[in-house]
Each structure stands twice: as C-alpha cells, then as structure tokens.
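If you read the sequences in order, they're chains A and B. All residue numbers for the first sequence refer to the working numbering, where the first residue is 394 and numbers rise by one. All residue numbers for the second sequence refer to the working numbering, where the first residue is 26 and numbers rise by one. By construction, the Cβ of each residue, glycine as well, lies at the ideal position given by its N, Cα and C atoms. Remember, it's a predicted structure, so these values are computed and weren't measured experimentally. Below is one structure, written out as structure tokens, with a few remarks after it.
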Amino acid sequence: STIVLVFEAPNDFEFAVEAGQKVRVGQKLGDV
Amino acid sequence: LLNAWTETPVKWYPIPIAVGALVLVAIQYRKKARKEVHVDADGNEIIRLKGPWQVHVLGALPLRNMSRLWGYVNSLELPVWFRPYGFRIYAAAFGCNLDEIEPADLKSYPSLGAFFYRRLKDGARPVADAVLVSPADGKILHFGTIKDLRVEQVKGITYSLDALLGVERPGTPPPVPAHMPAPSIPVVDDHEFANVNGIEYTLDQLIGASSSGTSTPVSDTPPAPKKFGERIDASVVPELADVPEALRHDASVAAEMGVRPALTRSTSGTTVKPGHSLFFSVIYLAPGDYHRFHSPTAWVVEKRRHFVGELFSVSPYIAKRLENLFVLNERVALLGRWKYGFFGMVPVGATNVGSIKVNFDQALRTNVRGRPPPLGTYTEAVYSAASTLLNGQPLMAAQEMGGFCLG
Chain A
394 STIVLVFEAP NDFEFAVEAG QKVRVGQKLG DV
Chain B
26 LLNAWTETPV KWYPIPIAVG ALVLVAIQYR KKARKEVHVD ADGNEIIRLK GPWQVHVLGA
86 LPLRNMSRLW GYVNSLELPV WFRPYGFRIY AAAFGCNLDE IEPADLKSYP SLGAFFYRRL
146 KDGARPVADA VLVSPADGKI LHFGTIKDLR VEQVKGITYS LDALLGVERP GTPPPVPAHM
206 PAPSIPVVDD HEFANVNGIE YTLDQLIGAS SSGTSTPVSD TPPAPKKFGE RIDASVVPEL
266 ADVPEALRHD ASVAAEMGVR PALTRSTSGT TVKPGHSLFF SVIYLAPGDY HRFHSPTAWV
326 VEKRRHFVGE LFSVSPYIAK RLENLFVLNE RVALLGRWKY GFFGMVPVGA TNVGSIKVNF
386 DQALRTNVRG RPPPLGTYTE AVYSAASTLL NGQPLMAAQE MGGFCLG
C-alpha cells in the first residue's frame, strides 16, 4: 500500500527526508 | 574460455556516424512514445496499462478477486495455541516490532488480518513539531515539487495530477447539503506530478475529475481526537478555554491551522497562491509495517473521491516498471485545505491490501465484488456536515484517520 500526499505550500517549504529513507508516524517530513 | 577472456586483446573501432545517428533517433523515438498522452473527447487523459511484458501479464490476472480471496483467507480464525508462534514467525519474516503493539498478548489477535491491522501503544510514535509529519510507517519512495501538474512516478515517467486527484469542471459543482455553502477546492490548471524515480501521473488521475463522478453528502459525527493527535488544548491555546466542549476539537484544528474558524469556509481558487507551489510525497508501506494511517498535519478534509480501479502491487519494483500505477489502482483521494491552501492525501490500495478504511467515513466501501466502473471515474462524498465550524472533517496532526486491511 502507498500514501500519496499532494499539497500547496510556500516556495521555501523544504522536505526533511530523503528518497529511500524509512519514516514513522509523526516523524518530520518537512517544514517551512 | 578463461584464456580467451583474459588474453584476447581489446580493439576499439569508431562507430560510423550513420549508426550513431540511428541509435540517437531510436532513443528519442522511445522517449517520445513513452511520454505520449492519449486523451478523450473532453481532453481527459485516458489511463492505460503501459509497461514491459511483465506488467501486461500481471494485468491479465484477476487481481481484485485474488485480493478478496487473500483477505478472506487471512480473516479465518486461527487456533489460540498457534497464534503466538504464527505471529512471531510473521514478525520475524517482515520485521514487525512486537514490543510496541497494543494489546501485547498475541493470543488476542484472532487472525492474521487482525494482527496486520494492529494498534500501537500510547507514545510509541512521538509527534514532531513541524508543519508536516509522516502519516504512516514506511519508506519514502519519492518527493518533490509538481511541475506542469505532472507527478513523477519514477525518473522520466510521469502521470497527470488531475488523473490522480480529479478536477472540478466549470459549471458542474458537486452536490452538497442544501443548508451548507458549497465547498470549493483549489483546482490546478495543468495536471501532472511525480511518483517514483521519474514516472509521473496527473492530478486528475490521482483525485478524479468531477465530471466523471457522483457526489453524496456524508454527515458522520466527527470522531474524538486520537491519542496521537492530542496536542492542542486550552493549556496550549488559552482562547480554547472559552470554546464550548463540543467545538473544542474543531477549534483546536483551527488554532493549529492558524486561522479563525469563521474564516476557514473557503479554500483558494483554481491555482496556487503567488509564492506557493504544489509539492508531493509518496510513502510505501511494506507488509510488516504498521498499517494504520494518521493525519500528516492539522487540516480539514472537505471531500473524498473513491476511484475503483485495479489492484496491482505497489512495491518499488512494480512502481519502476508499471506506468500510471498510482492512477490505475483503487484509491481514496481525501481533499481539503490546510494553513497554506490545498491539501490532499491519497491512500492507494494494492493486491494484498485492497481495503482502505477511513474512520470518519462509514459509508466508504473499497475492494467490493462486481464489475468495476471505467478507469478514472469515481464516487464523491462531501464532509461539510461533519463540522459546521470548519465546513469539513477537521483533523489534528497525527490523529488516526484509518488504515489498510488485508484483502
């Protein structure tokens, strides 16, 4: 199963993850 | 052979220019054929099975029936004496952490399906102080910005964002309860964005286009905040002390979103605001992962679009080979708004986990028997009755939203 997130955010939004990285519920994905 | 391999001298010859040019032409032709988009009379992209022969073999299989059979087999009650052994073997094979599950007694899970949909203990997943947190345990397959509304699935292969999420067509607003103002969602003009390593899909494909779906209002009572999301209360936001108890949850979400409830009835128009962009992120849940999903931020879900599709595996192996994977598969597009504008979350089913549950939508039924409607069509429900304050289903960051079940 997969979850796709699509969202509008300011241009300075930055992801805090890398492709292939394991994540857990509540872990930071990104921030402005 | 060894002697020939080690002792034969290597001689390099220049390739004739004509041969080199032919190779370049062939590469360009293949790239063009890959990017070719077929559209119907309305200009909507026609979703087709595209990929190497292996995916066409997969496409010929009765995947939906196989998925339901898999679900039935895994719902069978296991002997109590066998459960601890069976689940421990499963946990060892797929890397489940049995120390964090609730209840911890393995005998209390009657079937593998029940164990698969297990809960976690309180505090097992701390919530980061960030605007966007992970909605699930899993692996980040891909992320980035959406350009020309095409989503990249893997490198060089894209799909339309419109196909993924669906679009509002001018003049065809979705039905809503008569006493409620019509919710609006931002509709992007161009429709594609990214998936994994270069394959893209359209926004329409992901969330559906309103012209191909039907809407029904859903008016379930909003659930109480779950443990993961209980972060905002009167001690954190003093203004909440004056809010009636029944509206505390909604007001908390509004506070988290940084807006006054009375001002949150409308989302932005059909494009993103100046200085904003559309972003995407794809998270893959492996068979051993915790399979419930949570809210990735404080937001209001205004509607859901249920696309009945195929149930291909969504493993990274298939994602790299099967184009349009995420717009072919059955999925539930939850659309709404957060503090920065449009927000959408799309749980996508797979062969082994074809059932998608949404806690606040008891009417939703996925992976049901019967001939599926044409690809790209969907049924829509609006959540405007869930909260008159926010005109949708309010969710706190990390609040449990639902999950994936076996079969």
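Going along the stretch 146-159 of chain B in order, which residues come within less than 7 Å of chain A, judged by CB to CB distance?
Here the close residues are Arg150, Pro151, Val152, Ala153, Ala155, Val156, Leu157, Val158 and Ser159.
Would the stretch 398-411 of chain A count as touching the stretch 325-337 of chain B if we require 3 or more Cβ pairs under 8 Å?
No: the two stretches stay apart, fewer than three of their Cβ pairs being nearer than 8 Å.
Go ahead and pull the three-state DSSP assignment for B:Ile126.
DSSP places B:Ile126 in strand when its eight states are reduced to three.
How would you list, in chain order, the residues of chain A whose beta-carbon sits under 8 Å from the beta-carbon of B:Pro321?
Simply Leu398 and Leu422.
Counting only Cβ-Cβ distances shorter than 8 Å, please list the residues of the stretch 296-316 of chain B near chain A, keeping chain order.
Answer set for the stretch 296-316 of chain B: Val297, Lys298, Gly300, His301, Ser302, Leu303, Phe304, Phe305, Ser306, Val307, Ile308, Tyr309, Leu310, Tyr315 and His316.
For the alpha helix (DSSP H) holding B:Pro341, just list the boundary residues, first then last.
That run of the alpha helix (DSSP H) goes Pro341 to Ala344.
If contact means a Cβ-Cβ distance below 7 Å, which residues of the stretch 364-395 of chain B contact chain A?
For the stretch 364-395 of chain B, which is checked against every Cβ of chain A, the residues closer than 7 Å are Tyr365, Gly366, Phe367, Phe368, Gly369, Met370, Val371, Pro372, Val373, Gly374, Ala375 and Val378.
Does any C-beta atom of chain A lie closer than 8 Å to the C-beta of B:Leu166?
With 8 Å as the cut-off, B:Leu166 counts as an interface residue toward chain A.
What are the start and end residues of the alpha helix (DSSP H) that includes B:Val35?
Per DSSP, B:Val35 belongs to no alpha helix (DSSP H) and is neither H nor E.
So B:His316 is in the beta strand (DSSP E); what residue range does that whole segment cover?
That residue, B:His316, is in no beta strand (DSSP E); it is neither H nor E in DSSP.
Under the rule that 16 or more other beta-carbon atoms within 10 Å means buried, what is B:His81, buried or exposed?
B:His81 should be labelled exposed.
What residue range is occupied by the uninterrupted alpha helix (DSSP H) comprising B:Tyr403?
Unbroken run through B:Tyr403 is the beta strand (DSSP E), Tyr403 to Val407; no alpha helix (DSSP H).
Where B:Ser320 and B:Thr170 are concerned, what is the direct C-alpha to C-alpha distance, given to the nearest angstrom?
If I take the Cα positions, the gap works out to 21 Å.
Would DSSP call B:Tyr365 helix, strand or coil?
Coil at B:Tyr365, not helix or strand.
By the criterion of Cβ-Cβ separation under 7 Å, what are the contact partners of B:Phe318 in chain A?
Within 7 Å Cβ-Cβ: Ile396.
In this structure, how does DSSP classify B:His216 when only helix, strand and coil are distinguished?
Model confidence at B:His216 stands at a pLDDT of 36, short of 50, so the residue's coordinates are unreliable; what they give is reported in the following sentence. Coil, per DSSP.
Closer than 7 Å by C-beta to B:Ser237: which residues in its own chain qualify, once you throw out the five before and the five after it? Chain order, please.
At B:Ser237 the pLDDT is 46, less than 50, meaning the model places this residue with poor confidence and gives no usable figure here.
Quick one: is B:Phe351 near chain A, going by C-beta distance under 8 Å?
Judged by the 8 Å Cβ criterion, B:Phe351 is in contact with chain A.
Relative to the alpha-carbon of B:Pro41, which residue among B:Val35, B:Gly369 and B:Leu49 has its alpha-carbon at the smallest distance?
Nearest of B:Val35, B:Gly369 and B:Leu49 to B:Pro41, Cα basis: B:Leu49.
Would you say B:Ala118 reaches chain A, if we count a Cβ-Cβ gap shorter than 8 Å as a contact?
With 8 Å as the cut-off, B:Ala118 does not count as an interface residue toward chain A.
Among B:Arg89, B:Lys298, B:Gly334 and B:Ser306, which has the Cα closest to the Cα of B:Ser159?
When each option's Cα is compared against that of B:Ser159, the closest is B:Ser306.
By Cβ distance below 8 Å, which residues in the same chain neighbour B:Arg390 in space, the five residues on each side in sequence not counted?
None.
Please report the residue range of the beta strand (DSSP E) in which A:Leu422 lies.
First-last of the beta strand (DSSP E) with A:Leu422: Lys421 to Asp424.
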